[in-house]
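Residue numbers (the numbering used here), protein chains in the order written: chain W, 167 to 480; chain C, 167 to 480.
By construction, the Cβ of each residue, glycine as well, lies at the ideal position given by its N, Cα and C atoms.
Remember, predicted model here, so these are calculated numbers, not experimental data.
Number of protein chains: 2
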Amino acid sequence: MAAEFDLIARCFARAPRRADVPLGIGDDAALLTVPPRCELVVAVDTLVAGVHFLADCAPHAIGHKALAVNLSDLAAMGADPAWALLALTTPDLDEAWAAACMAGFEALARRHDVDLVGGDTTRGPLTITVTALGHVPAGQALRRAGARVGDAIYVSGTVGAAGAALAAQVGGAALPDAAAIAAQARLDYPQPRVALGRALRGLAHAAIDVSDGVAADLGHMLTASGVGATLELAALPLGPGVPDTPQGRLAALVAGDDYELCFAVPPGAALGALATVHGPLTRIGTVEAAAGLRVLGSDGAPVALGRRGYEHHA
Amino acid sequence: MAAEFDLIARCFARAPRRADVPLGIGDDAALLTVPPRCELVVAVDTLVAGVHFLADCAPHAIGHKALAVNLSDLAAMGADPAWALLALTTPDLDEAWAAACMAGFEALARRHDVDLVGGDTTRGPLTITVTALGHVPAGQALRRAGARVGDAIYVSGTVGAAGAALAAQVGGAALPDAAAIAAQARLDYPQPRVALGRALRGLAHAAIDVSDGVAADLGHMLTASGVGATLELAALPLGPGVPDTPQGRLAALVAGDDYELCFAVPPGAALGALATVHGPLTRIGTVEAAAGLRVLGSDGAPVALGRRGYEHHA
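What follows is the structure, given as structure tokens:
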């Protein structure tokens, strides 16, 4: 494995920045110190070339996104991210490609004070698996279960832009230039809502990140909570490149890759101060006792969802 | 992702067995409780079809081995394994295959009281990435660095059998029937030395697991420790299927996939009681001040290693 070790040494090797890493990359395993009275929070997600990103996607964006989708999972738990491990499978030892991928990973890691503490490089079809680790004061994590009847359902930021960019990319749909650039940035460089997730501790009854689309992910939250909801399509905050039409709003509702947070808070919760810091937080619906997700169109009439989210078999 | 969720639900879903899992599979991330005054120990390793196992390898063995190689990393740190996450990329949603793979994973997980706490299934070329997590009393982990001049170098069990099985499989080399079965079992179902690693805490100055071959991995330990060593080829404990010839011993020295532990202990250390519990522990060499690994043949003459380990680009 000398070749492997060279690649790791060049692209992965780094001294730990965080004081809570007694032993980082370079041994059989890393040693980490979880703060007292905290729970460890762990998530893993894989991106596969041709499935989660196009094969010609910039390696810098791939490195960013592989970490971003995992930090988004930690954000949805209200966790403080701390460490990550990276397993990179590449068809060849292209060091320029690997260096660009690691640069994208590292830039996001630094922004969130995350240390890369373990890695594995293997030869094979391009796949990248990141394990993100963080912590949360014991008992304070946000879960999917916990939404209560009467809760207001919010989504952060805007949704649908990544889906619009993907549709333009693979389906050839034309977007206005400015919107196209903004939407593409949302697809390639999603920003995990780490600070917002942390701020929602003690406030939100339940939370989930919008990776598979608002409809699908809100559906998971409602199912886990044993409740249902009505959602108003007209309230959905549309991202760049999403046409403000009934079809556009429906597409934004089921599009994936947004990595915003969807959460349930008590009906009277004042989120104005939070929105000042974390950007728009939009109320899109209300939790109800009857199971299932009901969607109302702009005219107040029920809208049928053919599929509740997009499926890409993973 | 409904298809994905179905697969996960069927193959991954399980209630946590361990009391230190406040939240297992099914949310954005898992919540885990690390015992007080312990360091978290984390490792990640990927197995790729056609690289780390043959495409027609039994899924049960693949599931076993994907966990085993990671538990072996924890064993080399002297850690107590506790949890694992599994990222499985498969070309299709073959549930029988996935169920068999998970059965192999789960059988080994139960044996070591490891809970699967997170998973991701994606469509793509067959790869399986496991993140293993455990803990060790703070400051007591075994590291690669720490071997001292004069230390005795030991290896557990026997080595070379997995390499012999692989050579027979891909190279057509004939093995006697009984040896072939035993060697194949070593290749397909490596047994991580978890209990031995734990027992070496406070005793070994340095340790590493033999995944890339004794020569390569001992080399990593020596480099990390800033020392060298002389190793006696005649002392190498040969596994089933390894011919007791100079060529056979040399092959066993550089063959990978053994997942035994190689460790350095003070020269006078008595390992008899340990060997009674954990099987043969064989002294194979001595740590010296001069950098590099020197190998002596059965006749006491130096043996040249063309390559210090086998390379499979990971």
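Asked	Found
Validate contact between the stretch 351-366 of chain W and the stretch 316-335 of chain W using beta carbons, cut 8 Å, 3 pairs	yes
Other residues of its chain near W/R314: CB distance less than 6 Å, five sequence neighbours each side excluded	H371
In DSSP terms, what C/Y320 is bridged to	C/F429 and C/R449
Whole beta strand (DSSP E) elements within the stretch 356-412 of chain W, 3-residue minimum	372-376 and 394-398
W/L402 to W/G363 span [Cα, whole Å]	20 Å
Three-state class that DSSP yields for W/A196 in the structure shown	strand
Proximity of C/G190 and C/D286 at Cβ, strictly below 8 Å	no
Exposure of C/G192, with buried meaning 16 or more beta-carbon neighbours within 10 Å	buried
is_contact[C/A480, chain W] using C-beta, thresh 8 Å	With a pLDDT of 34 at C/A480, under the threshold of 50, the modelled position of this residue cannot be trusted; read the value that follows with caution. Output row for C/A480: interface = yes.
Residue-level contact to chain W via CB, C/L353, 8 Å cutoff	no
Close Cβ partners of W/D383 (< 8 Å) along its chain, the five nearest in sequence each way excluded	I374, D375, V376, S377, C428 and G475
Residues that C/P188 contacts on chain W, provided the C-beta gap is smaller than 9 Å	E205, A304, G305 and A307
For W/H301, the first and last residue of its enclosing alpha helix (DSSP H)	First-last for W/H301: T293 to P303, but that is the beta strand (DSSP E), not the alpha helix (DSSP H).
Spatial distance of C/L341 from C/G407 (CA atoms)	6 Å
Own chain residues within Cβ distance below 6 Å of C/S238, not counting five before or after	P358, D375 and Y425
For C/R314, three-class secondary structure by DSSP	coil
W/R180 (DSSP reduced to helix, strand or coil)	coil
C-alpha distance - W/V200 paired with W/Q306, whole-angstrom precision	15 Å
Beta-carbon proximity of C/A361 to C/H444, cut-off 8 Å	yes
Which residues DSSP lists as bridging W/T288, in chain order	W/T255
Exposure of W/D410, with buried meaning 16 or more beta-carbon neighbours within 10 Å	exposed
Own chain, CB closer than 8 Å to W/L399, minus 5 neighbours either side, in chain order	P412, R415, L416, L419, V461, L462, G463, S464 and V469
Beta carbon proximity, W/V408 to chain C, threshold 8 Å	no
Nearest-angstrom Cβ-Cβ length linking C/A248 and C/R184, presumed shorter than 8 Å	7 Å
Proximity test, Cβ basis, 8 Å: C/P202 and chain W	yes
Within chain W, partners of C/M243 - CB distance below 8 Å	D193, D194, A195 and L197
Extent of the continuous alpha helix (DSSP H) run through W/R352	D343 to D354
Nearest-angstrom Cα separation, counted from W/I347 out to W/L254	28 Å
Beta carbon proximity, W/D290 to chain C, threshold 8 Å	Correcting the residue identity first, residue 290 of chain W is Gly in this sequence and not Asp. Yes, contact with chain C.
W/R276, DSSP secondary structure in three states	helix
Check whether C/G451 and C/T389 have beta carbons under 8 Å apart	no
Limits of the unbroken beta strand (DSSP E) element including C/G458	G458 to L462
Beta carbon proximity, W/V217 to chain C, threshold 8 Å	yes
Any chain W beta carbon closer than 8 Å to C/G329	no
Simplified DSSP state of W/L416, which is helix, strand or coil	helix
Candidates W/V380, W/A457 and W/A298: closest to W/D246 by CA position	W/A298
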